[in-house]
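Remarks on the structure that follows.
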Amino acid sequence: MQKETKLKQQDKKTKEIEDFIFFLEENKFDSGNVRNFMKRFRLARLLRMITGLLLITAGILVIVLPMPGSVEIATLFYFTPEDGIAVSDIIALGVMLLGIILVVKDNIYYGSIIK
Numbered sequence: 016m017q018k019e020t021k022l023k024q025q026d027k028k029t030k031e032i033e034d035f036i037f038f039l040e041e042n043k044f045d046s047g048n049v050r051n052f053m054k055r056f057r058l059a060r061l062l063r064m065i066t067g068l069l070l071i072t073a074g075i076l077v078i079v080l081p082m083p084g085s086v087e088i089a090t091l092f093y094f095t096p097e098d099g100i101a102v103s104d105i106i107a108l109g110v111m112l113l114g115i116i117l118v119v120k121d122n123i124y125y126g127s128i129i130k
């Protein structure tokens with residue numbers, strides 16, 4: 016049973032290597048192509064990082080700065096008669112979570128050699 020499983024895994028790896036060799040033979044790569052790809056890849060990563068940091072900052076500002084009464088939708092939980100957790104605070108937490116995901120996503124290693 017284990018030998019059959021190992022043989023299937025080896026056959027799969029061999030097929031993947033053959034497919035990769037075929038891909039490299041069919042597509043011509045040079046240093047200019049790779050350099051352009053890496054520039055675009057790094058630029059996209061930088062823009063995602065900046066966007067994530069801006070979203071985190073905007074979320075913090077919405078929570079910390081006092082909002083006018085016309086912008087506050089409703090207060091869900093009151094700490095004091097004047098202060099509490101409002102719907103805008105919950106939306107700001109969602110925006111901050113999205114920003115954190117954008118920032119952290121780039122630092123997760125997916126098994127790629129491109130870093």
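Using the working numbering, the letters of the sequence shown correspond one by one to residues 16 to 130.
Don't be surprised by glycine CBs; every beta carbon is placed ideally from N, CA and C.
On a predicted model such as this, the values are computed, not experimentally measured, just so you know.
The C-alpha of Ala101 lies about 19 Å from the C-alpha of Leu113.
According to the DSSP assignment, Thr66 belongs to no beta strand (DSSP E) but to the alpha helix (DSSP H) extending over 46-79. Per DSSP, Ile100 is one residue of the beta strand (DSSP E) stretching across 99-101.
With contacts defined as CB atoms closer than 8 Å, Ile71 and Ile115 qualify as a contacting pair.
For Gly99 and Leu80, the gap between their C-alpha atoms comes out near 13 Å. Note: Thr90 is bridge-paired with Ala101 in the DSSP secondary-structure output. Taking 8 Å as the cut-off, the beta carbon of Val119 is found no closer than this to the beta carbon of Leu68. Contact check for Ser46 against Val77 fails: the beta carbons are separated by 8 Å or more. Within the same chain, Cβ atoms closer than 7 Å to the Cβ of Met82 are found at Ser103, the five residues on either side in sequence being excluded. In the three-state reduction of the DSSP assignment, Thr20 falls in the helix class, which pools H, G and I.
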